[in-house]
Amino acid sequence: MIVVQAPLRVSFFGGGTDLPAFYTREPGCVLSTAIDKRVYVIITERFDDLIYVNYSRKEIVTAVDDVEHGLVREAMKITGVTSGVEITTLADVPSEGSGLGSSSSITVALLLGLSANQFDPMSPTRLAEEACRIEIDRLGKPIGKQDQYIAAFGGIRQIAFHPDERVTVERVDLTESVRVRLSQRLMLFYTGRTRSADPILQEQAQRVGDSIDALREMKAQATRGLAVLHSGDLDRFGALLHEAWTLKRELGNGITDRGIDAMYGAARAAGALGGKITGAGGGGFLLLYVPPAAQDAVRDALRGYREVPIGLERDGAKVILNVHR
């Protein structure tokens, strides 16, 4: 049995510049962090040659090509696992449409678990590259590349995307004091609904030419946000999140709506300095930066919504159990 965990993420700045429609024109850049909410993949060898896949439903098939779960099917093909295996996926939050990068985290975890099953566990760089290949190239998802890299590497990262398809990942080293203070000021609330990111991202990609100035400013915010973290001026970080959300919500339809705007407005009125919908938008989770003195007031203002406590996660995808027969 092999058990793998991979972190989910929140993206602070630069989202949208990791889409090919942007970074093939000019380099993109994001500032993201892994969080201590995770996905899990359990891989068990079977006595027979069947393939069992357990997620929100159960599949039992005899051939890889018959697996309907696209991420599982393509990860099996890439790693060469073709039969006699049972694969189970679990998640700490809704596994689809959460805006926390769960699809990419599952893909990364599948690749690590299946490659470890073959006694050749992939490096973080290869995990991210192969996960991008599965989601973007093989399955044709209109997504960017940041989720796969943050799931593979973990920590707080500044990630750059280059026109020649290179991706560079820089670890953000903060003092323990700043790390703890930042973690204490981040609050996450579930909007009560999930959504497919595909239509939102497809529209953003189509409108890159019209949104180029906003996207360039969002990319610049990734660099400014890093400088603010290093300075320790965390309230300025929260204000910068508000500026980023103001830009992001203008990138396309479906990113926000009256319900999301009402949530965010109530949080701001109660003392949140900034925040954003995680991921493409339209649902999922609302991330907020809130000074400790205002957090009870924000909880009261959003009492109809479920709060999910989060912390910053240092580790990327990793095998937490590996027992071969």
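Residue numbers (our numbering): 197 to 521. The C-beta atom is built at its ideal place from N, Cα and C for all residues, glycine as well.
Whether isoleucine 339 touches alanine 271 by CB criterion (9 Å): No, the Cβ-Cβ distance between isoleucine 339 and alanine 271 is not below 9 Å.
For isoleucine 332 and serine 228, believed in contact at Cβ under 8 Å, the rounded distance: Going by Cβ atoms, the distance from serine 228 to isoleucine 332 rounds to 18 Å, so no, they are not a contact pair.
Cα-Cα separation, glycine 448 to serine 301: For glycine 448 and serine 301, the gap between their C-alpha atoms comes out near 25 Å.
Delimiting residues of the beta strand (DSSP E) encompassing lysine 514: Segment 514–518, the beta strand (DSSP E) holding lysine 514.
Alpha-carbon spacing of alanine 287 relative to tyrosine 251, whole angstroms: Each residue's alpha carbon lies about 10 Å from the other.
Distance CB(glycine 480)-CB(threonine 390) smaller than 9 Å: Yes. Within cutoff.
Beta-carbon proximity of aspartate 214 to lysine 341, cut-off 9 Å: Remark: C-beta atoms of aspartate 214 and lysine 341 approach each other more closely than 9 Å.
8 Å contact criterion, which glycine 211 and lysine 514 should meet: CB distance rounded: In fact, because the Cβ distance is near 25 Å, the residues do not count as touching under 8 Å.
Bridge-paired residues (DSSP) for isoleucine 198: Per DSSP, Ile239 and Asn518.
Same chain, Cβ closer than 6 Å to threonine 278, five either side skipped, listed in chain order: Here the set comprises Val260.
Backbone secondary structure at tyrosine 219 - three-state DSSP: Tyrosine 219: helix per DSSP, three-state reduction.
Counterpart residues of valine 368 in DSSP-defined beta bridges: Answer is none; valine 368 lacks a bridge partner.
Other residues of its chain near glycine 295: CB distance less than 6 Å, five sequence neighbours each side excluded: Cβ contact annotation for glycine 295 (same chain, cutoff 6 Å, sequence separation greater than five): Thr474, Gly475, Gly480 and Phe481, in chain order.
For serine 299, the nearest candidate out of Ile283, Ala312 and Cys328 (CA to CA): In this structure, Cys328 is the residue among Ile283, Ala312 and Cys328 with its C-alpha nearest to the C-alpha of serine 299.
Residue environment, serine 373, which counts as buried when at least 16 other CB atoms sit within 10 Å: Looking at its Cβ environment, which holds fewer than 16 other Cβ atoms inside 10 Å, serine 373 is exposed.
Simplified DSSP assignment, three categories, for tyrosine 485: In the structure shown, tyrosine 485 adopts extended strand secondary structure according to DSSP, grouped into three states.
At least three beta-carbon pairs within less than 8 Å, the region 378–389 to the region 397–413: Short answer: they don't touch.
Isoleucine 247, DSSP secondary structure in three states: Here isoleucine 247 sits in strand by DSSP.
Beta-carbon contacts of phenylalanine 209 that lie in its chain and below 6 Å, excluding the five residues immediately before and after: When the five nearest sequence neighbours on each side are left out, the beta carbons in the same chain lying within less than 6 Å of the beta carbon of phenylalanine 209 are those of Leu227, Gln417, Ala418, Gly421 and Ala440, in order along the chain.
Boundaries of the beta strand (DSSP E) in which lysine 444 is found, first to last residue: Here lysine 444 belongs to no beta strand (DSSP E); instead the alpha helix (DSSP H) covers 430–444.
9 Å Cβ cutoff met for alanine 202 and valine 237: Yes.
Contacting residues, own chain, Cβ-Cβ under 6 Å from isoleucine 355 (five flanking each side not counted): Excluding positions up to five away in sequence, the list reads Val226, Gln342, Tyr345 and Val365.
Touch test, the region 301–317 against the region 485–500, Cβ-Cβ under 8 Å, three pairs minimum: Not touching, per the Cβ criterion.
Paired residues, beta bridge with isoleucine 352 - DSSP: Bridge partners of isoleucine 352: Thr229.
Buried versus exposed call for histidine 358 [16 or more other C-beta atoms within 10 Å across all chains shown]: With fewer than 16 other beta carbons inside 10 angstroms of its own, histidine 358 counts as exposed.
Bridge partner(s) assigned by DSSP for arginine 234: DSSP output for arginine 234 lists Pro203 as bridge partner(s).
Beta-carbon gap between glycine 477 and glycine 455 smaller than 9 Å: Judged by their CB atoms, glycine 477 and glycine 455 are not nearer to each other than the 9 Å cut-off.
Counted within 10 angstroms of its Cβ, other Cβ atoms place arginine 269 as buried (16 or more) or exposed: Flag for arginine 269 reads buried.
Test item: CB-CB of leucine 378 and leucine 508 under 9 Å: Leucine 378 places its beta carbon less than 9 Å from that of leucine 508.
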